[in-house]
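For reference, each letter of the sequence shown is one residue, going 1346 to 1755 in this note's numbering. The structure appears below as structure tokens.
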Amino acid sequence: MRDDAVSGRAARTGPARAAAILPSLLVPLLLAGPDALADGPTRVGEAVLEAVAPAALPGFPGADPGAALDAFRRTCAGTPAAQLPAVAGAAGDLAAACRAAASVAPHEAGAFFAGAFDAYRVVRPADGANPERRTGFLTGYFEPELAGSLAPRPGYAAPVLARPDDLVTFEPGETRPGLDPALRAARAAGTGFEPYPDRAAIEDGALGERGRPLLYLRDAVDLFVLQVQGSGRVRLPDGRSVRVLYDGRNGRPYTSIAKLIVAEGHLPLEGLTLARWTGWLRDNPEAARRLMRKNASYIFFRLAAVEDPGLGPPGAAGAPLSPGRSIAVDANLWRYGLPFWLEGRLPGGGSETGRLVVAADTGSAIVGPARGDLYLGTGAEAGVAAGNLRDAVGFVVLLPKLLPKPAAAP
């Protein structure tokens, strides 16, 4: 979870062909047809959902729908974080699609996505001076690879803190009397709750003995990057690698340090990459400390083994992220596990005109129905790609076909 935030080519196919090659479990779903959300949402946030045939989407299902199928299955097997009941994507229908996906062969992946789901373009209608918008905004994120030590030593001065035992995280929609509803966590205090300390207070020692370091990074900038990305791999002096995973936040609002740097005139927005703004922070330590403290949000972590180096850390859907196929979405609007077709050119996509991805994560800066953050992998190269991805793309959500209603009793 952020703080802000391949195999087989399949031809396009119609419902009849899809029914012929997909498992029998899927056949009842196909019979429901793409009849325009008769029992589902027609609006998501400020957007309307406009039905579109998958065959009418240029390039669908993309060069490698098998990779999307792998990501979908992986996400289906996760244990997702709690979401609001009203998010788009019926849980029962999505579960049925997950069961159907279990026996789909890689070369049938494109037919599966065309047959088990109905496609809806996410369209934000005209509003006052704003014309109708059919594109959204896509950014990228990655898993940083950092140097660290399990014990403090010269060159490793920034502690990565474990989740404190008095931190109470609120479920979606949950509030507590006397607290600002915008706060998403609090500190247990006697019989009630109080706002959790902000970043500046935590750095000044407000947690006391509850501030338990898991390990130490080189400096405060590395720690800040780790917190913005939400997880990372840390190389220890003995050559081992450990994964540092998100384990809660203080519930305070997130503020983008890149925007602060631009707003104060230190760097231009054009060409502002991760390497540029982190380099500027290191070159200007006093200003860096002041600006980083303006982001009141603070992330806590836990340690885990690196089980599959080719996959990312678990996202909010409770499953390992798939590079180039997992996307962070607004979890107040979309259910984890929903596939999306992104209309546009994406990193590493060559001549692709779109790509199938799966909602597997979220982030505090990922707000709105046509806003996404694409996970791009681990390390410096992925970081460069993520920093360069700030593009307008179209969002097409694939909602699972409605389960047939039970027959009425005679």
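Every residue gets a Cβ at the ideal spot worked out from N, C-alpha and C, and that includes glycine. Small disclaimer: the values here were computed from a predicted structure and weren't measured.
So the beta strand (DSSP E) residue i belongs to, where does it begin and stop?
i     : result
A1725 : Per DSSP, A1725 belongs to no beta strand (DSSP E); it is in the alpha helix (DSSP H), 1725-1733.
F1538 : 1537-1539
D1653 : Counting along the chain, D1653 falls outside any beta strand (DSSP E), and DSSP gives it neither H nor E.
F1462 : 1462-1468
S1601 : Neither: S1601 is in no beta strand (DSSP E) and is coded neither H nor E.
P1425 : No beta strand (DSSP E) contains P1425, which DSSP labels as neither H nor E.
S1685 : A small fix is needed here, since residue 1685 is Phe in this sequence, not Ser. It spans 1684-1688 - the beta strand (DSSP E) in which F1685 sits, taken as one unbroken run.
Apart from the five residues just before and just after residue i, which ones in its own chain have a Cβ nearer than 7 Å to its Cβ?
i     : result
L1414 : A1446, V1449, P1451, A1454, F1457
V1738 : T1480, G1481, L1483, L1687, E1688, G1689
E1395 : Y1465, R1466, V1468
A1664 : R1419, T1420, A1422, G1423, A1705
E1539 : A1531, R1532
From the DSSP output, in three-state form, read off residue i for me.
i     : result
G1473 : coil
G1660 : coil
G1353 : Unreliable positioning characterises G1353 in this predicted model, as indicated by a pLDDT of 27, which lies under 50. The coordinate reading is nonetheless provided below. It is coil, neither helix nor strand.
T1707 : coil
R1498 : strand
G1593 : strand
R1638 : helix
V1449 : coil
D1525 : coil
F1417 : helix
E1516 : coil
L1367 : Interpretation of L1367 is limited by its pLDDT of 39, a score under 50 that renders its predicted location unreliable; the figure taken from the coordinates is listed afterwards. Reduced to three states, the DSSP call for L1367 is coil.
L1678 : coil
V1432 : coil
G1699 : strand
Which residues mark the beginning and the end of the alpha helix (DSSP H) in which residue i is found?
i     : result
E1488 : Not the alpha helix (DSSP H): E1488 falls in the beta strand (DSSP E), residues 1481-1488.
T1623 : 1619-1628
G1577 : Premise fails: G1577 lies in the beta strand (DSSP E), 1576-1580, not in any alpha helix (DSSP H).
V1712 : Note, V1712: premise wrong, no alpha helix (DSSP H); not H, not E.
P1613 : From DSSP, P1613 is part of no alpha helix (DSSP H); its letter is neither H nor E.
E1554 : First-last for E1554: undefined, no H or E at that position.
A1546 : 1544-1548
Grab me the residues of residue i's own chain with a C-beta within less than 6 Å of its C-beta, minus the 5 sequence neighbours each way, in chain order.
i     : result
R1597 : D1543, A1641, S1642
A1383 : Annotation note: pLDDT 44 at A1383 (below 50); position unreliable, coordinate value reported separately. Nothing listed; no residue qualifies.
P1399 : F1405, A1459, A1464
G1732 : T1618, L1619
L1439 : G1682, P1745
R1555 : P1509
Let me check understanding here. Comparing Cα to Cα, which of the options lies closest to residue i?
i     : options                    : result
Y1681 : P1403, A1725, A1545, P1430 : P1430
G1518 : R1670, L1512, A1527, D1510 : A1527
D1510 : V1393, F1646, G1713        : F1646
L1678 : T1420, A1427, G1624        : A1427
C1443 : E1477, V1703, D1718        : V1703
V1393 : D1409, D1472, P1410        : D1472
G1535 : V1513, T1698, L1605        : V1513
P1497 : F1538, Y1541, Y1561, A1507 : Y1561
G1523 : E1652, R1529, G1537, L1666 : G1537
Residue i to residue j, Cα distance in whole Å?
i     : j     : result
G1434 : D1549 : 44 Å
I1711 : G1500 : 34 Å
P1684 : G1657 : 18 Å
A1422 : P1659 : 12 Å
A1565 : Q1574 : 14 Å
L1626 : A1705 : 31 Å
L1747 : A1676 : 21 Å
R1362 : R1670 : Any answer about R1362 is weak, because its pLDDT of 30 lies below 50 and its placement is not dependable; what the coordinates show is given next. Distance between the alpha carbons of R1362 and R1670 is about 26 Å.
G1353 : I1547 : Interpretation of G1353 is limited by its pLDDT of 27, a score under 50 that renders its predicted location unreliable; the figure taken from the coordinates is listed afterwards. Using only the alpha carbons, I get a separation of about 50 Å.
R1557 : A1492 : 19 Å
R1563 : A1503 : 6 Å
G1407 : P1470 : 27 Å
I'd like the list of long-range same chain contacts for residue i, defined as Cβ closer than 8 Å, with 5 residues on each side in sequence excluded.
i     : result
A1436 : R1680
E1516 : A1427
Taking only beta-carbon atoms, is residue i less than 8 Å away from chain B?
i     : result
G1473 : Given the protein chain composition of this structure (a single chain), no chain B is represented.
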